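J.:
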Amino acid sequence: MISPEQRSMLTDALTPPNEYRFDSGVATTYSLDLITLLTLPLHLARADLEEISPDRPDPLPVLEALRRMGDRLTVFCQRGRLQIPRKANALLGLLEGMVHEAHAPHGGAFHPKVWLLRFVPRDASREGPAMLRLLVLTRNLTDDRSWDLSLRLEGVPGKRKLDENKPLARFIERVREMSTRDVSAARSEQIEQLCADAHRMEWEFPGQFECVRFHALGIERRATSWLPVPESDSRWDELSVVSPFVTPDALRDLAALAKEPLFLVSRGEELDKLASPAGFSSVYVLSDQAASGDLEDDDGPQRQRGLHAKVYIGRRAWYTHLFVGSANATAPALVDGSNVEFMVELIGRASKVGTPGDWADNEGLGPLLVPYVRSEPADPATIEDERKLEKLREALAWADLSLHCEKCEEGWAVDLHGLDGVPCGGVTARTWLVTQDEERAVLIGDAHSSDSSYARVRLGVFAPQHVTSFTGFALELGDAKLSFALQLPRHGGPEDRDLEILRAAIRNREGLIRYLLLLLGDWIGDDGNGQGGGPLLGDGLGPSQDEIPLFEMLARAFAREPERLAHVRELVNRLREETTERDPILTNDFLAIWSVFEAALTIKDGK
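Sequential numbering from 169 applies to the sequence shown in the working numbering.
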């Protein structure tokens, strides 16, 4: 049984275990907040984040974390479900290689919420097995303040493949094939390694559960229905359902699985869509206080709240089965099998892990719940307008859109191509690059009136560090509003874009010193297992250039681990490509000091 007082954070679950480092990982989500994703490599790198702002993260630690971790984590999300960043950030362009929009093969939603992470010993000379961590969530990779559930399993790969792991390994393998663009060879190799390890995993079971089973939905050639059923053809003695989204056919099939369908917990606005939520003895929603959460701890008006957990609790005889994951009690998820979902089934003795009824008592979710009462119906006109905007979102998501970049005197001109095949009639639509504020959005209607072909829309002229494939769209119709981003194919553009992002983040000599501290941070103050008192990666507020003189810092690195200066040499060589006489970053005094170590490295490399 889960108590609402038991809290966990995704960032904690991403932090490597002691004496281990992050090696590779894959994540799946329905919707994706790019700013949230931007900070996650910091946790994978064991950074100190006390001073990191979730909205405007310090760019230098983020840059270094992305350098170390960005090519090892691959994220898949539903096409058209990238969220608009609350604040523009040029660093978002660095996520382009990591993010892969995906589609469900049977026409539904790509909806799983799974993380599979691989960790290896920090000390490369130490022999030891890799460790895998599986996170199965009910939440998306966003900063929403919803009520969710998370399951964390860990273990090490054994010597042989286990049949019970086949659905997990098959799921990770198939996800790569659902990407709307090619997955690089390096990332594909990482995913193949994760699949191989997952098939041989010996998991440690949480709490007093005795068995775990995996269920991958919607990934095979044919769409098939799935329900949380007992092993045999018999019915559950008791069944309870927690699902924010529901449809009548799915609820009917679920209720038929049990001799006693105890209770259903859902969202009030979803229950209002049903003629009657029949089939369960009790129907609950979250209380207003539980649904709204701590308003004082929220400055984001777009953050979702309320119920987002999905769990099915069944008891048959002496055993309780807990199904947790991404699947709602809806037709696309359960009945039609058109969605891609992932569920985990935990099995334990009811006397040790609780019963379905326990979930609604005072030690479970009971204090958060109130009986469902039908609300006043929503405005039909607004509902219809929202439906039209969703239809337009789908049309834009699957249209043949692309960005075309051309160098000009003021910077880079970026055009959006392909809108001529999208019916935007009646909808006010705007578009822009998400590395810029929405105020720079172009009204598509105005662009249409000046270009009869509607095939090309000029988004503007941008500095090279702001050119990105992430393109925002804002739609309005009546009182209905909808905004989202797409990752579009980009033709042309600055080849040195990433370097310009780096230069813009470093800015000056002081920023360079801070970044050098981050590059060398693995050993400064480290006790060998990543738990030292000095900055492992830094929060951007570590020792100043006066506290650690530049020459001394480089000399210590050369004496202890000279190979680490290779990262500094790579950085300096990249920055030299655009150096001017009065360069604020590579100043003459810095280059004079660095030349000593550059010469020493050259001599050492020649030995």
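Cβ coordinates follow ideal geometry from the N, Cα and C atoms, glycine included.
Computed from a predicted structure; not experimentally measured.
1) Could you tell me whether the Cβ atoms of Leu300 and Glu322 are closer together than 9 angstroms?
2) Who are Trp580's beta bridge partners in DSSP?
3) Helix, strand or coil: how does DSSP classify Glu606 here?
4) How many whole angstroms separate the CB atoms of Val409 and Leu422, which I take to be in contact at a CB cut-off of 8 angstroms?
5) Name the residue from Leu584, Gln457, Glu531, Phe190 whose alpha carbon lies nearest to the alpha carbon of Asp291.
6) Within the same chain, show all residues whose beta-carbon is closer than 6 angstroms to that of Phe719, passing over the 5 residues directly before and after it, in chain order.
7) Which same chain residues end up closer than 6 angstroms to Tyr480 when comparing Cβ atoms and leaving out the 5 residues on each side of it in sequence?
8) How is Glu678 classed by DSSP in three states: helix, strand or coil?
9) For Tyr540, list the residues DSSP reports as bridge partners.
10) Please name the residue in Glu295, Glu378, Asn257, Glu663 whose C-alpha comes closest to that of Val521.
11) Would DSSP call His383 helix, strand or coil?
12) Less than 9 angstroms between the beta carbons of Pro325 and Pro297, yes or no?
13) Quick one: give me the first and last residue of the beta strand (DSSP E) that Phe373 is part of.
14) So which of Phe510, Ala459, Gln376 has the shortest CA-CA distance to Leu536?
15) For a test of the three-state rule: what should DSSP assign to Glu766, helix, strand or coil?
16) From the DSSP output, which residues share a beta bridge with Ser450?
17) Locate the alpha helix (DSSP H) running through Thr488, then write down its first and last residues.
18) Considering only the alpha carbon of each residue, which of Val380, Val736, Asp526, Leu645 lies closest to Leu560?
19) Report the partner residues of Leu241 according to the DSSP bridge assignment.
20) For Arg682, which option in Ile359, Ala723, Ile753 has the closest C-alpha, if you only look at C-alpha atoms?
21) If you check the beta carbons only, do Phe382 and Leu336 fall under 9 angstroms apart?
22) Is Ser460 helix, strand or coil by DSSP?
23) Tell me where the beta strand (DSSP E) around Leu305 begins and ends.
24) Spell out a yes or no on whether the region 624 to 635 and the region 662 to 671 are touching, meaning 3 or more CB-CB pairs, one atom from each, closer than 8 angstroms.
25) Hey, could you find the ends of the alpha helix (DSSP H) Ser314 is sitting in?
26) Could you tell me the distance, in whole angstroms, from the CA atom of Gln699 to the CA atom of Val610?
27) Do Val267 and Leu205 come within 9 angstroms of each other at the CB atom, strictly closer than that value?
28) How many Å lie between Asp417 and Asp440 at the Cα?
29) Looking only at its own chain, which residues have a Cβ that is under 6 angstroms from the Cβ of Arg484, when we skip the five neighbours before and after it?
30) Can you tell me whether DSSP reads Lys556 as helix, strand or coil?
31) Can you have a look at Trp580 and say buried or exposed, based on whether 16 or more other CB atoms are within 10 angstroms of its CB?
T.: With the given structure in hand:
1) What you label residue 300 is simply residue 132 of the sequence shown in a count that begins at 1. What you label residue 322 is simply residue 154 of the sequence shown in a count that begins at 1. Taking 9 angstroms as the Cβ cut-off, Leu300 and Glu322 qualify as a contacting pair.
2) Translated into positions along the sequence shown, residue 580 becomes position 412. Answer is Lys575, Phe630.
3) Position 438 of the sequence shown, counted from the start, is the residue given in the question as residue 606. Correct three-state label for Glu606: helix.
4) Within the sequence shown, the letter at position 241 stands for residue 409. Within the sequence shown, the letter at position 254 stands for residue 422. Rounded, the Cβ-Cβ distance is 6 angstroms, consistent with contact.
5) Here residue 291 refers to the residue found at position 123 of the sequence shown. Closest option to Asp291, Cα to Cα, is Phe190.
6) Taking the sequence shown and counting its residues from 1, the one referred to as residue 719 is at position 551. Same-chain partners within the cutoff: Ile761.
7) Taking the first residue of the sequence shown as position 1, residue 480 is located at position 312. Within the same chain, Tyr480 has close Cβ partners Pro396, Val409, Phe491.
8) Here residue 678 refers to the residue found at position 510 of the sequence shown. It is helical.
9) Position 372 of the sequence shown, counted from the start, is the residue given in the question as residue 540. DSSP lists no partner for Tyr540.
10) Looking up residue 521 in the sequence shown gives position 353. Considering only alpha carbons, the answer is Glu378.
11) Residue 383 sits at position 215 when you count from the first residue of the sequence shown. Here His383 sits in strand by DSSP.
12) Residue numbering aside, residue 325 sits at position 157 when the sequence shown is read from its first letter. Residue numbering aside, residue 297 sits at position 129 when the sequence shown is read from its first letter. Yes.
13) Position 205 of the sequence shown holds residue 373. Segment: none, Phe373 is in no beta strand (DSSP E) and carries neither H nor E.
14) Residue mapping note: residue 536 aligns to position 368 of the sequence shown, counting from 1. Among Phe510, Ala459, Gln376, the Cα nearest to that of Leu536 belongs to Ala459.
15) As a working note, residue 766 is residue 598 in the sequence shown. In this structure, Glu766 counts as helix in the three-state DSSP scheme.
16) Here residue 450 refers to the residue found at position 282 when the sequence shown is read from its first residue. Note: Ser450 sits in a beta bridge opposite Phe431.
17) On the sequence shown, position 320 is the one that residue 488 refers to. No alpha helix (DSSP H) contains Thr488, which is instead part of the beta strand (DSSP E) from 487 to 493.
18) In the sequence shown, the residue the question calls residue 560 occupies position 392. Measuring from the Cα of Leu560, the nearest candidate turns out to be Leu645.
19) For this step, residue 241 is matched to residue 73 along the sequence shown. Answer by DSSP bridge pairing, in chain order: Gly193.
20) Residue 682 sits at position 514 when you count from the first residue of the sequence shown. Comparing Cα-Cα distances from Arg682 to each of Ile359, Ala723, Ile753, the minimum goes to Ile753.
21) If you number the sequence shown from 1, residue 382 lands on position 214. If you number the sequence shown from 1, residue 336 lands on position 168. In contact: Phe382 and Leu336 (Cβ atoms closer than 9 angstroms).
22) Position 292 of the sequence shown holds residue 460. The answer is helix: DSSP assigns Ser460 an H, G or I state.
23) For this step, residue 305 is matched to residue 137 along the sequence shown. It spans 299 to 305 - the beta strand (DSSP E) in which Leu305 sits, taken as one unbroken run.
24) yes
25) Your numbering for residue 314 matches position 146 in the sequence shown. No alpha helix (DSSP H) contains Ser314, which is instead part of the beta strand (DSSP E) from 313 to 315.
26) Residue numbering aside, residue 699 sits at position 531 when the sequence shown is read from its first letter. Residue numbering aside, residue 610 sits at position 442 when the sequence shown is read from its first letter. Residue placement at Gln699 is flagged as unreliable, the pLDDT there being 41, under the threshold of 50; a coordinate-derived value is accordingly withheld.
27) Mapped onto the sequence shown, residue 205 falls at position 37. Mapped onto the sequence shown, residue 267 falls at position 99. Yes, the Cβ-Cβ distance between Leu205 and Val267 is below 9 angstroms.
28) Translated into the one-based positions of the sequence shown, residue 417 becomes position 249. Translated into the one-based positions of the sequence shown, residue 440 becomes position 272. Looking at the two C-alpha atoms, the distance is approximately 15 angstroms.
29) As a position in the sequence shown, residue 484 is number 316, starting the count at 1. These residues qualify, in order along the chain: Pro398, Trp404, Asp405.
30) Taking the first residue of the sequence shown as position 1, residue 556 is located at position 388. If DSSP states are grouped into helix, strand and coil, Lys556 belongs with the helices.
31) The residue given as residue 580 occupies position 412 in the sequence shown. Buried, since its Cβ has 16 or more Cβ neighbours within 10 Å.
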